Amino acid sequence: MTAVAGLAGCVENLQEHYQGSFQGLVPIEVHSESDRHYDLTLEAYETGTNRQTYDESYTVTANESASLPHLDATEQLLRVTRYAREDDDATFEEVTITSSTKAVTVRLTDEELILDIDRGEGADEASPAGEPGAGNPETNESEPIDDEPSDGDPNETTDETANEPSNESAE
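So the sequence shown is residues 17 to 187, counted in this note's numbering.
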């Protein structure tokens, strides 16, 4: 009986120590619907520390599909940048990856770069505005990202400004 209790404590300590390594993986698929070749860069940064967690570059040919190395299913910002080979035009999209993220699909067309994020059952917590596309609750386009960060920033601002100062002045 003592050995079982000791083993349970050991497993619990290991889980606490290696918490990040027990997280899932997020597959990344790239699908080109374009008639042109594009260079693609994918970078991910850990939320809070801004530590780079992913850095991959690829040349995507016309009408090609590819599976890329997986991301860790942890809180991080993924930035995908598409470079046109004929000119210096670059387009990028950003999306937050969380533990509920099941897959990322990057679609390239001649007109745009599209990120489709499958959040699985946790889709409602990621982005309420994305509910009509249940399989793709979060589809990003460059202008909404640049003008109005709607995923994580409002929660952080609310927590910092609304809760902390009012609690200190009330006491």
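All C-beta atoms, glycine included, are put in the ideal place defined by N, C-alpha and C.
Remember, it's a predicted structure, so these values are computed and weren't measured experimentally.
Practice task
Identify whether Glu49 lies in helix, strand or coil by the three-state DSSP scheme.
Solution key: coil
Exercise for the section: Measure the Cβ-Cβ separation of Ser50 and Thr125 and say whether it is below 7 Å. Expected result: yes
Exercise for the section: Alpha carbon to alpha carbon, how far is Val42 from Ala78? Give it in angstroms, no decimals. Expected result: 25 Å
Exercise for the section: Using three-state DSSP, classify Glu72 as helix, strand or coil. Expected result: strand
Practice task
Just the C-alpha distance for Lys118 and Glu59, rounded to the nearest angstrom, thanks.
Solution key: 18 Å
Problem - Extent of the continuous beta strand (DSSP E) run through Glu80 - result: Neither: Glu80 is in no beta strand (DSSP E) and is coded neither H nor E.
Problem - Residue from Ile113, Ile133, Val46 and Asp134 with nearest C-alpha to Thr69 - result: Ile113
Practice task
Could you tell me the distance, in whole angstroms, from the CA atom of Asp103 to the CA atom of Glu128?
Solution key: 15 Å
Problem - Contact belief for Leu93 with Tyr61 at Cβ below 8 Å, rounded distance in angstroms - result: 5 Å
Exercise for the section: Could you check which residue in Glu91, Val120, Thr57 and Ile130 has the C-alpha nearest to that of Asn45? Expected result: Before going further, note that residue 45 is Glu rather than Asn in the sequence given. Nearest option by C-alpha distance: Val120.
Handout entry: Unbroken beta strand (DSSP E) run spanning Glu91, endpoints
Key = Per DSSP, Glu91 belongs to no beta strand (DSSP E) and is neither H nor E.
Handout entry: CB contact flag (Arg123, Phe108, <7 Å)
Key = no
Exercise for the section: Using beta-carbon positions only, say whether Glu80 and Ser48 come within less than 7 Å of one another. Expected result: yes
Exercise for the section: Assign Glu127 to one of three DSSP states: helix, strand, or coil. Expected result: coil
Handout entry: Nearest neighbour of Asp71, chosen from Asp132, Ala82, Thr65 and His86 [CA to CA]
Key = His86
Handout entry: Contact check, Thr90 vs Thr57, beta carbons under 7 Å
Key = no
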